[in-house]
Amino acid sequence: MGRTMPSLLEIADPDQIRADLEAVYREHKGNDTALQRGVVEVLKRNLHEGRAKARERLEQGAHRGRACAESICYLEDVLIKELYDFATAYVFPANNPSEAERLSVAAVGGYGRGLLAPGSDIDLLFLLPYKQTPWGESVVEYMLYVLWDLGQKVGHATRSIADCIRLGREDFTIRTALLEARFIHGDRALFDELEDRFGEEVVKGTGNEFVDAKLAERDERHRRSGESRYLVEPNVKEGKGGLRDLNTLFWIGKYVYRVKQPSDLVKAGVFTKDEYQTFRRAEDFLWAVRCELHFLTGRAEERITFDIQTAMAEYLGYQPHRGLKAVERFMKHYFLVAKDVGDLTRIFCAVLEEQERKKQPSIGRFMQALRRKKAIEDFTVEAGRLTVSGSEVFEKDPVNLIRIFKLADEHSLDIHPDALKLITRSLKLIDAKLRKDEKANSLFLKIVASRKNPEGTLRLMNEAGVLGRFVTDFGRIVALMQFNMYHHYTADEHLLRAIGILSEIEKGDHPEDTPLATELMSKVKSRNALYVAMFLHDIAKGRPEDHSDAGAAIARKLCPRLGMGPGETETVAWLVQNHLVMSDVAQKRDIADPRTVKDFAGEVQSPERLRMLYVLTVADIKAVGPGVWNGWKGQLLRQLYFETASVLQGGDSAVNREGRINTAREDLAERLSDWSEAARKRYLKRHSEQYWLAMDTDTHERHARMIEAGKDEPLIIATETDPMRDVTLVTIYTQDHPGLFSRFAGACAVLGMSIVDAKIFTTRDGMALDMIWVQEQDGSAVREERRRTRLKETIHQVLAGEMLPPDEIEQRFRRRRRADAFSVAPQVFIDNDLSDDYTVIEVNGLDRPGLVHAITRALFHLGLTIGSAHITTFGERAVDVFYVKDVIGHKVTNANKKKAVERHLLEALADPVKKARPQKPRKREDAAAAE
């Protein structure tokens, strides 16, 4: 049997509170300090007990958000009423109250709606008559001090009715707060007078200006909190599709239609009964999320961050299902509700506009229609927006559900809210027959590959529900969140943004950011194939199988349906199947190793595929989220592209190894013409063959002059910031000894810097020449001279033994980290086929400060020498790749040695700080079982 939901009387019993307060008065009468302390204790006990019962309400079932918020509001009302009665009866009694000794206590703002979250502010209006006496101020002050002693955040105003009217006219924030004013206790007549005068003197005749102000306020709020409603750490209160958007709808409805409750919007003709039910379901869910968020964090937290999402999913009763984790199902529900809020907003605005249009004088409407209406197929253009010519337009020809979006894109028109409302109500017409319709598919392909605004059109189709029904595989990823820190958006939002970025690249909107992609886009022979591949590359996310393979299978089915031939279909499938390959090779492999480029070229096989894959990769990375794309990734991808293009064309990379080494030496000798011949010969003999192959002549010259200038120094450290590539190069030259790179990595970790790449060389006379590329934690170059100087000092301290990196790292980063919300299974891959000269070790695990240091220290203890290191982070997942040799310069081939390597590296991946932390709080009874 499930538990019975607490009644409001169980949340707070007014009679019992009143009796307890009277007992306190009898006990402490005459001692004001003890009396107030006793009042606070009674109210605080009831506040804590009532909130615990409200939380019980919330966690007893899936649809308890409003019940919880109403319970907390009721609890607050009871406490304020009893506090008011106690203050006016025992502390400041008015035995013969005059007309001036009147006071009304009202809830305003969010509290006025009758719904409160645990951490919400308590917004109060103390309404006093025009003529006042000290009595009213004394009661207000006493009540506020008690409420503050209870630990509550009280927003308050003490005003007369005239003050309220004047300020309401001047300030939209105050006007909105008064619009939701709700009587709590005190003089009812005073409050009723305010309501009447507010309606007549403030609201009447000002509907348009209020609507404009609230919609502008909403747009600005969306801009501040992130334009998309599909951010993976959404703000439940202020974000797009959140509670504030629902509030805005009701504010406007209450102001324009003078309704008291959201249900009255059905009578006003704004919503159908079904749409009102959607409103209530959305409100109930969002309140459940907000209340649980406040309960779990113990504060007024409005952002659903990664570290709290898993616990919220558990407490709200979500379970894993069909390849989705419980947390992913919870967040998908959230984003679907946010989408519903967007639908309601669109419908609401359409009704507002239509009713406003009807208010215009009939002759004005006629002349306006005569001037602005224009027919396009089964549609008309009205005031610059595309709309339907009649309510039967979709029933008559369901292809029009696709055609309207094609026409809007073709003619650069917005779609009228009336038409969007009709589309939403006609979605049942998108069936198997329409999905097979040749004309509908042809129109859809033109939308996807449009030269105008494919992202905007597809997003509108998605918002209206058309896209997910017409392409059912896309429908499966609508609102799908991947529970990781790498992706900033839901899967469908990522695909739409990727299409938009691809279109911007083609138009040349990012010439400085993506110069090569812009150039190559003009050379791509099959635009359609590239755009469709972009649309499909992540369409199989959230499935148990590999999404690249599953996506390729979807492409092979969908492309012929869209009218694409076998060749284009195969190109799309190949791009989808391999859309991660170029990024992986560029970031996780040594591009200077000839084997890397040779193998990648064998995978790509043709210059056209290379061009398409490069452009797709750039757009894909940029669409992941702000800050993910940077100059360093751009440089790696460009380098891989040019090296591979050269191999595919039989160019420079095919020149024999010895010839390339001799050319590099000759080029440097020419640059060092100011040196003596003997000095040049000595220097040219110092470096290994790999060094001459890995660097260009500019770098060779820079190293030579640095080494010559510091030849008497035991340690040379040079830093060079490259803002274009968002990276800082640290070059270190010193006597070589085992574990040197691990110490450098430790120094970087102590300062919170990330190593993204490293080249490690040992000269023939036993000196180490290491090149380490580092970034700040936000992915930017180390630009401040102060930070670079601190890095040099820290490296000196570590090498001198004055600082032990493991201790420093643990001490500085002991606090809880966002990545702790995730689990990444540690993995070690050892491969002897990826390089002719090195064993390649790839290490996957949960990222943390000092991880590279821990791994490289383990490699040092294993007796392995690092030739190059490539450090990549995908959100919380670290993927670090090391090219290594054993102590005698051979690959690691012995089976026992490989097992030892794997074991030590897995130990290094374990986070000692995280292991020492207590586990998350107990799991509450599953909501489904509680019913």
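Per the numbering used here, the sequence shown starts with residue 56, numbered consecutively.
Ideal Cβ positions, reconstructed from N, Cα and C, are used throughout, including at glycine.
With at least 16 other beta carbons inside 10 angstroms of its own, PRO173 counts as buried. Contact between ALA823 and THR789 holds, with the beta-carbon distance rounding to 6 Å and staying under 8 Å. One thing to note: LEU617 has its Cβ within 8 Å of the Cβ of PHE499. Annotation for ASN899: the continuous beta strand (DSSP E) segment containing it runs 894–901. Taking the C-beta atoms as reference points, GLY686 is found no nearer than 8 Å to ASP833. Within the region 589–619, the runs of alpha helix (DSSP H) at least 4 residues long that lie entirely inside it are, in chain order, 602–616.
Residue range 546–562 is occupied by the alpha helix (DSSP H) that includes GLY555. DSSP places ASP886 outside any alpha helix (DSSP H); the residue lies instead in the beta strand (DSSP E), whose first and last residues are 882–886. Distances from the alpha-carbon of PRO148 to those of ALA553, TYR197 and ASP812 put TYR197 closest.
The closest CA to that of GLU962, considering only GLU275, ASN949, ALA880 and ASP892, is found on ALA880. A check of alpha carbon separations from GLY794 across ARG278, ILE921, ARG458 and ASP178 identifies ILE921 as the nearest.
Rounded to the nearest whole angstrom, the CA to CA distance from ASP722 to ARG903 is 43 Å. DSSP, reduced to helix, strand and coil, places LEU770 within a strand of the structure shown.
A straight-line Cα-Cα distance of about 9 Å links VAL673 and ILE556. For TYR788, the beta-bridge partners assigned by DSSP are ILE771 and LEU824.
Under a 10 Å Cβ-count criterion, TYR185 is classified as exposed, with fewer than 16 other Cβ atoms of the shown protein chains found around its own Cβ. Here DSSP, grouped into helix, strand and coil, assigns GLY105 to helix. If you ignore the 5 residues before and after LEU489, its C-beta comes within less than 6 Å of the C-beta of PRO453 and ALA495, all in its own chain and listed in chain order. For the pair THR88 and VAL201, the Cα-to-Cα distance works out to about 12 Å. Counting the other CB atoms within 10 Å of its CB gives ARG524 a total of 16 or more, which places it among the buried residues. Scanning GLU510, PHE238, VAL895 and ASP791 for the CA closest to the CA of ILE560 turns up GLU510. Ranked by how close their Cα comes to the Cα of GLY944, the residues LEU919, VAL956 and GLU931 have LEU919 in first place. At a Cβ-Cβ threshold of 8 Å, SER797 and ARG912 count as neighbours.
If you check the CB distance, GLU957 and VAL883 come in under 8 Å. Judged by pairs of C-beta atoms under 8 Å, the region 928–938 touches the region 636–652, as three or more such pairs exist. Around the beta carbon of TRP306, 16 or more other beta carbons sit within 10 angstroms, so the residue counts as buried. The alpha-carbon separation between LEU668 and LEU770 amounts to approximately 43 Å. In this structure, the beta-carbon distance from ALA474 to LEU441 falls below 8 Å. Around the C-beta of GLN115, 16 or more other C-beta atoms lie within 10 Å, and the residue is accordingly described as buried. Here VAL942 is exposed, its C-beta having fewer than 16 other C-beta atoms within 10 Å.
Inter-residue distance for ASN150 and ILE72 is about 23 Å (C-alpha atoms, whole angstroms). In the pairwise beta carbon analysis, the region 578–592 is classified as touching the region 658–667: at least three pairs are separated by under 8 Å. Between the alpha carbons of HIS592 and ASP675 lies a gap of roughly 9 Å. When beta bridges are read from the DSSP output, ARG932 appears opposite LEU901 and PHE929. DSSP places PHE238 in the strand class (E or B) of the three-state scheme.
Beta-bridge partners of HIS211 (DSSP): LEU179.
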